[in-house]
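Down below is the structure, laid out as structure tokens.
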Amino acid sequence: MTDTKAGPGLEALLLGDWHVHSDFSDDAESPISANVRAAEQRGLLTMRATDHVRGSTAWVPDFVAAVVAARRTTGVELVIGVEAKIMDARGTLDVPSDLRVGIGGVDGIVIADHQFPGPDGPWSPRETRERLAAGLAVEDALDLLIGATIGAMRTAGGGAQLAHPFSILPKVGIEESQLSAEHLSAWASAARETGTSIEVNEKWVCPSSRAIEAALSEGATLVASTDSHRAADVGVYARVRELLAEVPAFGSSDAGGLA
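If you're matching positions, the sequence shown starts at 111 in my numbering and goes up one per residue.
Structure, rendered in structure tokens:
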């Protein structure tokens, strides 16, 4: 990628945490109020409250109301998101049928590759490995994943974000380096065209520096996230700094100067 465009400064990028779970998620422990206090203590300017939903989830209005109430208590910009998995190769998202994106609802859907998007529904990592062992070509599998992700970006509506991009790949035995330049270009271009931000994720250390460079080259928007499930981890970056230090647009000297 010789034409990589300059992205935001590293220090500015790390003043946001765009993927923070609260106890609305069944695998997280901290209330929204504790996450907000942690964001304040870390000096964050922005925090995206992001909790897991499925088609059967009924608590989204209560979640939205809780974040709206928290906005009145803090100077941190609070953005509302729900994290939903891609269900199939078309990019169908596992969200409640009455989910509202925009005024009165969430600010956007956080699109996640929790399972592998097959033509007729999600494949578990085990099923995906079995299909690969039975003859599914890696390139064909990657075509499914990229196509599904692009489809999800196009149907998610405004304010969408890609959660831990490509974190599914090592779970199914595929290396992210096996994504072609064409895959990454199509993925990053779709993010730019749909206004979908791409998170650089602390928990899963993804996407790779190569994918980040592709995103910057295509003009996509990057955000940083911890994917925290407890308040103590909000805004605490270590591996994201190391990952971004590998990207020429950020540079190792900038990363090393951060506390």
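Every residue, glycine too, gets a C-beta built ideally from N, C-alpha and C. These figures come from a predicted structure and were not determined experimentally.
The three-state secondary structure of residue 162, taken from DSSP, is strand. The C-alpha of residue 289 is placed about 18 Å away from the C-alpha of residue 356. Listed in chain order, the beta strand (DSSP E) runs fully inside the segment 194-233 are 218-222, 226-228 and 231-233, counting runs of at least 3 residues.
Note: residue 188 is bridge-paired with 157 in the DSSP secondary-structure output. Per the coordinates, the alpha-carbon of residue 358 lies some 30 Å from the alpha-carbon of residue 191. By the Cβ test, the segment 162-172 is not in contact with the segment 234-250, since fewer than three Cβ pairs between them sit closer than 8 Å. For the pair of segments examined, the segment 128-146 was found to touch the segment 325-337: the number of CB pairs separated by less than 8 Å reaches three. With fewer than three CB-CB distances shorter than 8 Å, the segment 238-249 does not count as touching the segment 196-205.
With a threshold of 16 other beta carbon atoms within 10 Å, residue 317 meets it and is buried.
The beta carbon of residue 163 sits closer than 8 Å to the beta carbons of 170, 192, 193, 194, 204, 205, 206 and 209 from its chain, once the five residues preceding and following it are set aside; these are given in chain order. In the structure shown, residue 124 falls within a coil segment according to DSSP collapsed to helix, strand and coil.
Going by C-alpha positions, residue 323 is about 35 Å away from residue 214. In terms of Cβ geometry, residue 332 and residue 346 do not form a close pair [threshold 9 Å]. Counting every other CB atom within 10 Å of its CB across the protein chains shown gives residue 183 a total below 16, marking it as exposed.
The beta carbons of residue 340 and residue 138 sit about 7 Å from each other, so the pair counts as a contact at 8 Å. If you ignore the 5 residues before and after residue 269, its C-beta comes within less than 6 Å of the C-beta of 217 and 218, all in its own chain and listed in chain order. Taking the C-beta atoms as reference points, residue 351 is found nearer than 9 Å to residue 124.
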